[in-house]
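**Q** Residue numbers (my numbering): 46 to 663. Structure provided below as structure tokens; questions to follow.
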Amino acid sequence: MATKLEISQLDFDGIKDNLKTFLSQQDEFTDYDFEGSGMNILLDVLAYNTHYLGYNANMLANEMYLDSADQRSSVVSLAKQVGYTPRSASSSKARINVLMNNATGSTVTMSRGTKFTTTVDETNYSFVNNADVSISPSDGVYQFSDLDIYEGTYLNYKYTANTSDTDQRFIIPNNNVDTTTLTVKVQESSSDSTTNTYKLASGITNLDSTSKVYFLQEIENGRFEVYFGDGVLGEAIADGNIVILDYITCNRDEPNGATSFTLSGTIDGFADVTITTQGVAAGGDAPETIKSIKYNAPRDYTAQDRAVTADDYKVLVKSLYANAQSVQVYGGEDAATPDYGKVYISIKAKSGSNLTEVTKTSLVQSLKSFAVASVTPVIIDPETTFITLTTTFKYDSSLTTKDVSTLETNVVEAITGYNTDTLENFTGMFRYSAVGKTIDDADSSILSNITKVKMYKYITPTLSSGLKYTLSFNNAFYNPHSGHNSSAGGIVSSTGFKINNDSSTNEHFLDDDGAGNIRVYYLSGTTRIYTDSTFGTINYTTGEIILTSANITSISNVDGAASTQIRVTTTPSSNDIIPVRNQVLEIDTTNSTITGSVDEIESGSSQAGTTYTTTSSY
């Protein structure tokens, strides 16, 4: 006779079976038909009750820990325990110059909240400046230079403090607030207009009872709450104080890419302006995701507001620059040319191009306050190494109704997905077998594929100047023996250009001799005429190409369009390609070749393989 109930699982059927097993072993229910009696309903009720209780207990236990919590409210609360505040939505930011055409006076002031309009994808958006700016004429010219404007609506909200109300909260009542634009002021009272501006507290070690700071936290429904000190750590607010919250609400990433702006209204009474865009709108983003909070919160806590390790810098950069998609950090001792006492930081933005010099300078200044005194942070741009594929796949026509063109499109889409999901960040490795599987899995009818891999980088030469250019692929080149493929141009190729030591109009190209030399040639029919056999060097082991003194006078079109760059393509030694330091890998599907053909044996058209053709793997 069973003396206890065995519950080894929490699903409904398992619980009910355990209840029936327990009861059937009791003398009172020997040979009892549970399914055909009213007892079955009672067992259902007991099983459901146990199932729900177990489920709720399991969920509650999960929500108690940061790594297992699923609800945003739980994740935010747990992050708060380690002093981490999730990033809010971010306004798209652009940089413009505003020339006042007919302005007069000693100064012209642009008030905070001055509106500029733009259109992206046939949708209108408003951008505003976030601070009062005054200028004086220079040689009679009034111009606001390098003005940052933020997408969104400038709003203002006020609270009257009541310290007797223990439930009073200073909540920003709008969603999609960019908290980096938040300004908090405290007015003495309704009858005293004196105001003090409070700063966001970055820690508590430097606070006292008179520190005019505020604290910020995310609360329910994704909104944010401002709160103040208690009179010990930070100045406490008093009865009758008026808390003024100024901020911008935004449309997240939708306005990214805006390039042209128009003044809406006037600036200090003047409406005739000329606006030029210095920096395209970028950086708009959604609030920090649950996944990101889980990743960053413990690392932010570990960093303890100082930058020592690479992870410290990564966390700090992501908190200081919301538009960072991927961050790479390495010490100067690990640079290609060791540079001790420096830490190199490379940032791949979610949108927009490389960081502007102004943004880099601002980030460096912010990071210096966290860095060890002897270490200098340096921000460098990412370097993209592009990969091209030449793919031939076989498919069974009896397993699909799709034509070969559709299958080729499916393969391109699958490769694009691999590109987005795996590459395009500093840690994304190109793994040949994974790409091959991605191609095979693009459609159930695809049986196999042969894929050849090449890689390329761009150089942007200064025309008519004999300068040195270095291309670091950081992956070894294919060179099985000295002089490999020399007569056919080695493993290097390029798009066209013209050089100053050739008086003709010949279009020149690069190749290599298989022995460490980069050559430059032009074509006479199909024959290569070399004008310089030592135009540069190639190191097959380190994956480096150096053009020692390249005096290039003009650049040919690239991919059918005018270009300022020369594309240099080569063959890697390994089909697995690894990004090193600030290198990012990206598959160029536009310049890749994807070709499909019917597998005649599997499709039944070639018995015994009599008409079967194979594709070279080399």
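For each residue, glycine too, the CB sits at the ideal point set by N, CA and C. Just so you know, these numbers come straight off a predicted model, no measurement behind them.
Tell me whether the beta-carbon of Phe-580 lies closer than 8 angstroms to the beta-carbon of Ala-595.
**A** It is a contact, given that the beta carbons lie within the stated cut-off.
**Q** So, is His-526 buried or exposed, given that buried needs 16 or more other C-beta atoms within 10 angstroms?
**A** So His-526 ends up on the exposed side.
**Q** Which residue wins for smallest C-alpha separation from Ser-717, given the options Ala-281, Asp-298 and Met-145?
**A** In the structure as shown, the chain starts at 46 and stops at 663, and residue 717 therefore has no counterpart that could be examined.
**Q** Out of Asn-266, Val-565, Ser-599 and Ala-316, state which residue places its alpha-carbon closest to the alpha-carbon of Thr-593.
**A** The shortest C-alpha separation from Thr-593 is found at Val-565.
**Q** Short of 6 angstroms in beta carbon distance, which residues of its chain neighbour Arg-626, apart from the five on each side in sequence? Order them along the chain.
**A** So the list reads Tyr-375, once near-sequence residues are dropped.
**Q** Under a three-way DSSP split, which group does Glu-167 fall into?
**A** In the structure shown, Glu-167 sits in coil (DSSP, three-state: anything other than H, G, I, E or B).
**Q** Below 8 angstroms between beta carbons: does that hold for Asn-174 and Thr-159?
**A** Going by C-beta atoms, Asn-174 is nearer than 8 angstroms to Thr-159.
**Q** So, are the CB atoms of Asn-620 and Val-498 less than 8 angstroms apart?
**A** Closer than 8 angstroms, so yes.
**Q** If we count the other Cβ atoms within 10 Å of its Cβ and call it buried at 16 or more, is Met-474 buried or exposed?
**A** With fewer than 16 other Cβ atoms within 10 Å, it is exposed.
**Q** What does the Cβ neighbour count give for Ala-44, buried or exposed, with the cut at 16 atoms within 10 Å?
**A** Nothing can be reported for residue 44: it is not among the residues displayed for the chain, which extend from 46 to 663.
**Q** Suppose you measure from the CA of Leu-68 to the CA of Phe-74; what does that come to, to the nearest Å?
**A** Computed Cα separation, rounded: 6 angstroms.
**Q** Identify, in the order they occur along the chain, each residue of the same chain with its Cβ nearer than 7 angstroms to the Cβ of Phe-57, setting aside the five sequence neighbours on each side.
**A** The answer, listed in chain order, is Ala-92, Tyr-93 and His-96.
**Q** Can you confirm whether the segment 430 to 443 touches the segment 631 to 644 when touching is taken to mean that 3 or more C-beta pairs between the two stretches lie within less than 8 angstroms?
**A** Yes, since at least three Cβ pairs between the segment 631 to 644 and the segment 430 to 443 fall closer than 8 angstroms, the two stretches touch.
**Q** Taking C-beta to C-beta, are Ile-282 and Val-121 nearer than 8 angstroms?
**A** Their beta carbons are not under 8 angstroms apart, which means Ile-282 does not touch Val-121 by this criterion.
**Q** Check the DSSP bridge columns for Asp-291 and list the partner residues they point to.
**A** Asp-291 pairs with Asn-201 and Thr-228.
**Q** Using three-state DSSP, classify Phe-74 as helix, strand or coil.
**A** In the structure shown, Phe-74 sits in a helix (DSSP, three-state: H, G or I).
**Q** Does the Cβ of Gln-373 have 16 or more other Cβ atoms within 10 Å, making it buried, or fewer, making it exposed?
**A** The residue is buried, with at least 16 neighbouring Cβ atoms inside 10 Å.
**Q** Is it the case that the Cβ atoms of Ala-348 and Ala-369 are separated by a distance below 8 angstroms?
**A** It is not a contact, given that the beta carbons lie outside the stated cut-off.
**Q** How big is the Cα-Cα spacing for Ile-293 and Asp-193?
**A** If I take the Cα positions, the gap works out to 14 angstroms.
**Q** Quick check on DSSP: helix, strand or coil for His-529?
**A** In the structure shown, His-529 sits in coil (DSSP, three-state: anything other than H, G, I, E or B).
**Q** Which residue comes first and which comes last in the beta strand (DSSP E) that contains Phe-67?
**A** Unbroken run through Phe-67 is the alpha helix (DSSP H), 57 to 69; no beta strand (DSSP E).
**Q** Please give the ranges of any beta strand (DSSP E) in the segment 459 to 542, keeping only runs that are unbroken, at least 3 residues long and fully inside the region.
**A** With a minimum length of 3 residues, the continuous beta strand (DSSP E) runs that stay inside the segment 459 to 542 are 491 to 504 and 511 to 517.
**Q** On a Cα-Cα basis, can you pick out the residue from Leu-308, Thr-354 and Ala-327 that is closest to Val-417?
**A** Of the candidates Leu-308, Thr-354 and Ala-327, the one whose C-alpha sits nearest the C-alpha of Val-417 is Thr-354.
**Q** Put Arg-344 into one of helix, strand or coil per three-state DSSP.
**A** The answer is helix: DSSP assigns Arg-344 an H, G or I state.
**Q** Between the segment 243 to 254 and the segment 307 to 319, do three or more beta carbon pairs fall short of 8 angstroms?
**A** With the cut-off at 8 angstroms, the segment 243 to 254 and the segment 307 to 319 do not touch.
**Q** Using the rule of at least 16 other Cβ atoms within 10 Å of the residue's Cβ for burial, across every protein chain shown, is Ser-661 buried or exposed?
**A** Exposed is the call here.
**Q** Using the rule of at least 16 other Cβ atoms within 10 Å of the residue's Cβ for burial, across every protein chain shown, is Asp-556 buried or exposed?
**A** By the neighbour-count rule (16 or more Cβ atoms within 10 Å), Asp-556 is buried.
**Q** For Arg-117, which of helix, strand or coil comes out of DSSP?
**A** Residue state, collapsed to three classes: helix.
**Q** Taking the alpha-carbon of Tyr-389 as reference, which of Ile-639, Val-409 and Gly-605 has the nearest alpha-carbon?
**A** Nearest C-alpha to Tyr-389: Val-409.
**Q** Using 8 angstroms as the threshold, is the C-beta distance between Ala-139 and Ala-326 below it?
**A** Against a cut-off of 8 angstroms, the Cβ pair of Ala-326 and Ala-139 comes out as a contact.
**Q** Based on DSSP bridge pairs, tell me the residues matched to Arg-564.
**A** In DSSP, Arg-564 forms a bridge with Asp-556.
**Q** Given that a residue counts as buried once 16 or more other Cβ atoms are within 10 Å of its Cβ, and exposed if not, what is Arg-214?
**A** Classification of Arg-214: exposed, given that the 10 Å Cβ count is below 16.
**Q** Please classify Met-46: does DSSP put it in a helix, a strand, or coil?
**A** Note that Met-46 scores 47 on pLDDT, short of 50, meaning its location in the model is unreliable; the coordinates nonetheless yield the value given after this. Three-state DSSP puts Met-46 in coil, outside helix and strand.
**Q** DSSP three-state call for Glu-647: helix, strand or coil?
**A** Three-state result, Glu-647: coil.
**Q** Spatial neighbours of Asp-441 within its chain, please: CB distance less than 7 angstroms, with the 5 preceding and 5 following residues excluded, ordered by chain position.
**A** Closer than 7 angstroms at Cβ, skipping near neighbours: Ser-490, Leu-492, Asp-644, Glu-647 and Ser-648.
**Q** Less than 8 angstroms separating the beta-carbons of Thr-421 and Lys-387?
**A** Yes, these two residues count as a Cβ contact at 8 angstroms.
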